[in-house]
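Taking the numbering used here, the leading residue of the sequence shown gets 188, the next gets one more, and so forth.
Think of the CB as a built atom: it goes at the ideal place given N, C-alpha and C, for glycine as much as any other residue.
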Amino acid sequence: MSAAQIRFLTLWRREVNRFMKIKKQTLGAPLLETFLYISVFGAALGSRIKELHGFEYIVFVIPGLIMMAWATNAFANNSSSILQQKFQGAIHDQLSSPASPLELLLAFCLGGFMRGLLVSLLTFIAASILVDLPVDHVLVLIPALFLVGFFFANLGVLIGVRAEQFDDVALAQTFVLQPLIFLGGVFYSAALLPQPFETLTRLNPVYYMIGLVRYGFLGYSESSVAVALLALVAATGALFLFNLRLFSRGYRLRS
């Protein structure tokens with residue numbers, strides 16, 4: 188194993204160990220939240236909305252909940268981790284270490300990615316116990332989920348780098364990320380909305396991410412799967428390169 192690989196694995200393991208030390212908070216709480224969503228929406232709305240586009244309502248909702256779990260946890264992990272290390276001064280030690288900006292960025296990204304992966308995997312297992320959840324297009328589902336996780340992990344890095352206090356992270360998560368996810372079609376179908384709400388939903392980029400994951404599970408999509416997948420690849424790549432430039436310059440990290 189090369190020195191670069193050892194450095195990267197050490198940094199990545201540090202990030203994973205950080206959130207695994209507080210499993211009740213980082214894994215248990217999001218899992219409970221998702222379980223409550225499934226229970227409440229399955230019991231309350233499921234009894235009134237029997238089917239949506241030929242699927243049981245709760246089955247239609249679960250793919251969006253899995254995507255939401257991965258996105259919010261990947262984002263929250265990285266934004267809080269970077270800001271915390273900025274306050275503690277630990278980020279300076281990493282920037283002055285032999286690790287390259289690419290190794291540092293990948294370690295942060297994959298740390299949040301792993302937290303999102305674990306929570307969404309637990310969510311999938313819990314949902315599969317409660318309902319019969321199909322997986323129709325695994326070749327679309329796997330890359331879609333991985334791209335979603337990597338995108339929001341990078342978004343968390345960006346917010347963490349730019350944030351000057353913890354309120355900045357909370358503001359981004361509460362007033363930007365959560366509204367985009369909740370209004371992106373997790374609990375409803377945009378095709379059933381009246382105008383202008385249908386058009387507004389389709390202008391939400393998260394709507395297409397949810398659509399990709401839903402297509403992977405259920406085989407149902409309201410938009411072009413190929414176009415959405417290519418757009419997600421481009422957006423994720425662009426965000427990663429932008430973050431790499433920030434790390435290379437030490438933007439708001441060296442001060």
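Look up L239 in the DSSP assignment and give the residues it is bridged to. Note: L239 sits in a beta bridge opposite F242.
Where A313 and S283 are concerned, what is the direct C-alpha to C-alpha distance, given to the nearest angstrom? In a straight line, the C-alpha of A313 is about 43 Å away from that of S283.
For L292, the nearest candidate out of I316, K211, R194 (CA to CA): Taking only the C-alpha atoms, the option nearest L292 is R194.
From this set, P392, K237, I269, I225, which residue's C-alpha is nearest I249's C-alpha? The shortest Cα separation from I249 among P392, K237, I269, I225 belongs to I225.
Going straight from the alpha carbon of S267 to that of A357, what length do you get? If I take the Cα positions, the gap works out to 9 Å.
Measuring straight from C-alpha to C-alpha, what distance separates R307 and I329? In the sequence under discussion, the amino acid at residue 307 is Ser, which differs from the Arg named in the question. Approximately 12 Å between the Cα atoms of the pair.
In whole angstroms, what separates the C-alpha of V203 from that of G299? Straight-line measurement puts the Cα of G299 at about 8 Å from the Cα of V203.
Use the C-beta contact count for G372: other C-beta atoms within 10 angstroms, 16 or more gives buried, fewer gives exposed. Classification for G372: buried.
Ordered list of alpha helix (DSSP H) runs contained in the stretch 353-400, each at least 4 residues: Complete alpha helix (DSSP H) runs here, min 4: 353-359, 365-369, 384-389.
A514 (DSSP reduced to helix, strand or coil): Missing from the structure shown is residue 514; the chain here goes from 188 to 442 and no further.
How far does the alpha helix (DSSP H) with G303 in it reach, from first residue to last? First-last of the alpha helix (DSSP H) with G303: 288-317.
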